[in-house]
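A quick write-up on the structure given underneath.
Protein chains: 2
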Amino acid sequence: MSLRHALLGLLDTGPASGYDLMRTFNSTLSAVWPATQSQVYTDLNRLAEAGQIRVAAEGPRGRKSYEITAAGREELRHWLLEVAPDGYRRNDVLLRVFLLGAVSPSEAREFLRQRHAISGRHRAALEERDAGTDWDDDPLSVYGRLTLEWGKRFMTMQQEWSAWALEQLEKAPPHT
Amino acid sequence: MSLRHALLGLLDTGPASGYDLMRTFNSTLSAVWPATQSQVYTDLNRLAEAGQIRVAAEGPRGRKSYEITAAGREELRHWLLEVAPDGYRRNDVLLRVFLLGAVSPSEAREFLRQRHAISGRHRAALEERDAGTDWDDDPLSVYGRLTLEWGKRFMTMQQEWSAWALEQLEKAPPHT
DNA sequence: CTCCCACGTTCCAGTATTGACACGTCGCGG
DNA sequence: CCGCGACGTGTCAATACTGGAACGTGGGAG
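Quick note, the sequences are listed as chains A and B, same order. Each residue of the first sequence is one higher than the one before, starting from 1 at the first, in the UniProt record's numbering. Each residue of the second sequence is one higher than the one before, starting from 1 at the first, in the UniProt record's numbering.
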């Protein structure tokens, strides 16, 4: 459902083709809302049918440059401010943790050690990306920086949590 | 894909009916991996077809008590320890933040204030749930406590982040 | 003893998402 | 001037997920 809103949001910053949008999804947005190429194109067509975007210009190899319409802006605004977010749902790492009783305590500890290491790596990668980007003061840059910071804090939290969880398990292993 | 593994994991702790599993999903597990009733029942049938669970007993009103089989335990173990988790993907709150340039700076700030408040409420609710549970030392209790702690830390992180983000916006509002 | 609610399962239509395949074209490096 | 890699779009089948409806039953409260 939200892919269409993501597309509206991107088009709100200026016209773009499906291909352009695709690339944005595969780079910046993939961590927050992944999408495949087929979905992007089908949803663009649906948005056009719904009159929320329109083909502004056709370019070289069948390229269609889309732009957002007034109705699209309306819908985007509504979704941003008035539709209650789902929030976080569906976390397959946490699901595994919950079910870790199915393996031995030492395997469970190893699992947590792995998570600790992985969170650290992700955190470092985000740190690097932050440092390697020259942030501007345009909206996408400002709000992009906020989401990146969220990611860094998230990874830090996970790292601290897994260290803590490991301690807990060493202190009081589950009684079978 | 993971729903089936969640079911296997729950059945690994003892036999249960679809109805029982449903209830577990609607209470404990809903925050980590939501599932509707129809999905639970269809996946139970598929697991049975695949020979990973089996009907252990039939009860009163057509009740089927399922138990995990050796093949099921094998699959569960494999998924837990050898399949790389997706980790965190798809966050519609963060997606909104990223696209917040579509509304006015003051509306964006209001959005963050809302998130701050909501995170606080969720955190309090988890805190309360923690205090109101008498934790045992059986696996589901031990690992359940770890996931609950993750939730608390997540909410705390979000609260701190939104306060920080708000500050950033006040300090340097996006330039249109 | 009766009624109602919780127990219990199944089916279905619609949408979302994935992954792959198919197909055509501009443009530039060699 | 030729080929190939990037540009660019579309379609399909399969699976995941949602929301709702339908249907039947046992057991305990009154």
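Each residue gets a CB set at the ideal place from its N, CA and C atoms; glycine is no exception.
Using a Cβ cut-off of 8 Å (strictly closer), state whether residue i contacts chain B.
| i | result |
| --- | --- |
| residue 19 of chain A | no |
| residue 157 of chain A | yes |
| residue 144 of chain A | yes |
| residue 150 of chain A | yes |
| residue 111 of chain A | yes |
| residue 130 of chain A | no |
| residue 172 of chain A | yes |
| residue 65 of chain A | no |
| residue 97 of chain A | yes |
| residue 168 of chain A | yes |
| residue 208 of chain A | In the structure as shown, chain A starts at 1 and stops at 176, and residue 208 of chain A therefore has no counterpart that could be examined. |
| residue 154 of chain A | yes |
| residue 90 of chain A | yes |
| residue 77 of chain A | yes |
| residue 74 of chain A | no |
| residue 147 of chain A | yes |
| residue 165 of chain A | yes |
| residue 51 of chain A | no |
Tell me whether residue i, by its Cβ, gets closer than 7 Å to a heavy atom of the ligand HEM.
| i | result |
| --- | --- |
| residue 41 of chain B | In the structure on display, the ligand HEM does not appear, and there are no ligands present to speak of. |
Using DSSP with H/G/I as helix, E/B as strand and the rest coil, what is residue i?
| i | result |
| --- | --- |
| residue 31 of chain A | helix |
| residue 16 of chain B | strand |
| residue 132 of chain B | coil |
| residue 177 of chain B | The displayed coordinates of chain B run from 1 to 176. Any statement about residue 177 of chain B would go beyond what the structure contains. |
| residue 157 of chain B | helix |
| residue 22 of chain B | helix |
| residue 147 of chain A | helix |
Alpha carbons only, please: which of the options is nearest the one belonging to residue i?
| i | options | result |
| --- | --- | --- |
| residue 150 of chain A | A/34, A/127 and A/96 | A/127 |
| residue 81 of chain A | B/114, B/34, B/84 and B/146 | B/114 |
| residue 108 of chain B | B/18, B/60, B/69 and B/170 | B/170 |
| residue 2 of chain B | B/40, B/15, B/175 and B/13 | B/40 |
| residue 52 of chain B | B/7, B/84, B/140 and B/28 | B/7 |
| residue 142 of chain B | A/129, A/158 and A/102 | A/102 |
| residue 97 of chain A | B/23, B/93, B/69 and B/32 | B/32 |
| residue 111 of chain A | B/129, B/85 and B/116 | B/85 |
| residue 47 of chain B | B/90, B/59, B/60 and B/66 | B/66 |
| residue 100 of chain B | B/173, B/15, B/5 and B/21 | B/173 |
| residue 59 of chain A | A/20, A/12 and A/165 | A/20 |
| residue 91 of chain B | A/50, A/166, A/30 and A/54 | A/30 |
| residue 93 of chain A | B/78, B/93, B/15 and B/147 | B/147 |
| residue 12 of chain A | A/119, A/34 and A/140 | A/140 |
| residue 120 of chain B | B/152, B/55, B/104 and B/165 | B/152 |
| residue 137 of chain B | A/130, A/138, A/145 and A/105 | A/105 |
| residue 24 of chain A | A/167, A/157, A/163 and A/144 | A/144 |
| residue 130 of chain B | B/28, B/55 and B/77 | B/28 |
Count the other CB atoms within 10 Å of the CB of residue i; is the residue buried (16 or more) or exposed (fewer)?
| i | result |
| --- | --- |
| residue 161 of chain B | buried |
| residue 63 of chain A | exposed |
| residue 37 of chain B | exposed |
| residue 75 of chain A | buried |
| residue 88 of chain A | buried |
| residue 42 of chain B | exposed |
| residue 18 of chain B | buried |
| residue 133 of chain A | exposed |
| residue 175 of chain B | exposed |
| residue 45 of chain A | exposed |
| residue 5 of chain A | buried |
| residue 135 of chain B | exposed |
| residue 57 of chain A | exposed |
| residue 14 of chain B | exposed |
| residue 122 of chain B | buried |
| residue 165 of chain A | buried |
| residue 70 of chain A | exposed |
| residue 16 of chain B | buried |
| residue 117 of chain B | exposed |
| residue 124 of chain A | exposed |
Would residue i count as contacting chain A if we go by Cβ distances under 8 Å?
| i | result |
| --- | --- |
| residue 12 of chain B | yes |
| residue 102 of chain B | yes |
| residue 40 of chain B | no |
| residue 177 of chain B | The requested residue 177 of chain B does not occur in the structure, where chain B is confined to residues 1 to 176. |
| residue 6 of chain B | yes |
| residue 135 of chain B | no |
| residue 2 of chain B | yes |
| residue 116 of chain B | no |
| residue 58 of chain B | no |
| residue 107 of chain B | yes |
| residue 94 of chain B | yes |
| residue 80 of chain B | yes |
Quiz item: Whole alpha helix (DSSP H) runs in the region 42-123 of chain B with 4 or more residues, listed along the chain?
Solution: 70-82 and 92-98
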